[in-house]
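Residue numbers (this note's numbering): 1 to 179. For each residue, glycine too, the CB sits at the ideal point set by N, CA and C.
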């Protein structure tokens, strides 16, 4: 048992308090002393919906596709992956399949790639808000995306959103079943 010491009690506590927490004398140093052990420890920390723990992993593991994939499978974010993996098409594609908002953490190159952005919009229209401003201002490109999902117009640049002909075109694509 742990015994409370002076100065670390809650203000409502009047006597000596004990806490029934087990004291483990297991040395986890063997895990950290080897790269295999560290990898195992990082993987354990990412499982069971704890993918956000990737942010605490050493940079080396934030650059490993298998580790980042495990994090993404467990509700993690692409935000803490290495810059190299944020630019890796297949990793970013997998991240967006897990959660479309991961597109905001993709590299500038991918957010400006017409084919990739088109694929993202096919996954979910809201991903278009993370596309490059250049693509959001490209009238022909926006028009092609409206054919996939008319709602992308709300994420286009302001000049495009204020284009009456494009707005009319978008609403011509509107179908009641979208709501």
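First and last residue of the uninterrupted alpha helix (DSSP H) at residue i
i: residue 150; result: Counting along the chain, residue 150 falls outside any alpha helix (DSSP H), and DSSP gives it neither H nor E.
i: residue 180; result: Not covered by the structure: residue 180. The range shown for the chain is 1 to 179.
i: residue 47; result: Per DSSP, residue 47 belongs to no alpha helix (DSSP H) and is neither H nor E.
i: residue 174; result: Looking at the DSSP string, residue 174 is not in any alpha helix (DSSP H), and its letter there is neither H nor E.
i: residue 62; result: 59 to 62
Beta-carbon gap between residue i and residue j smaller than 8 Å
i: residue 77; j: residue 105; result: yes
i: residue 170; j: residue 148; result: no
i: residue 72; j: residue 43; result: no
i: residue 85; j: residue 68; result: yes
i: residue 63; j: residue 35; result: no
i: residue 37; j: residue 74; result: no
i: residue 124; j: residue 100; result: yes
i: residue 157; j: residue 133; result: yes
i: residue 89; j: residue 110; result: yes
Residue i versus residue j - alpha carbon distance
i: residue 160; j: residue 174; result: 18 Å
i: residue 56; j: residue 108; result: 24 Å
i: residue 45; j: residue 98; result: 19 Å
i: residue 136; j: residue 58; result: 36 Å
i: residue 163; j: residue 146; result: 14 Å
i: residue 168; j: residue 91; result: 37 Å
i: residue 26; j: residue 118; result: In this predicted model, residue 26 has a pLDDT of only 45, less than 50, meaning its place in the structure is not dependable enough to derive any value.
i: residue 96; j: residue 65; result: 15 Å
i: residue 87; j: residue 129; result: 18 Å
i: residue 114; j: residue 151; result: 18 Å
i: residue 60; j: residue 49; result: 21 Å
i: residue 94; j: residue 142; result: 24 Å
i: residue 120; j: residue 131; result: 9 Å
i: residue 53; j: residue 155; result: 31 Å
Note down, one range per segment and in chain order, each alpha helix (DSSP H) of at least 4 residues found wholly within the segment 84 to 167.
89 to 98, 108 to 111, 114 to 123, 133 to 136, 139 to 146 and 158 to 161
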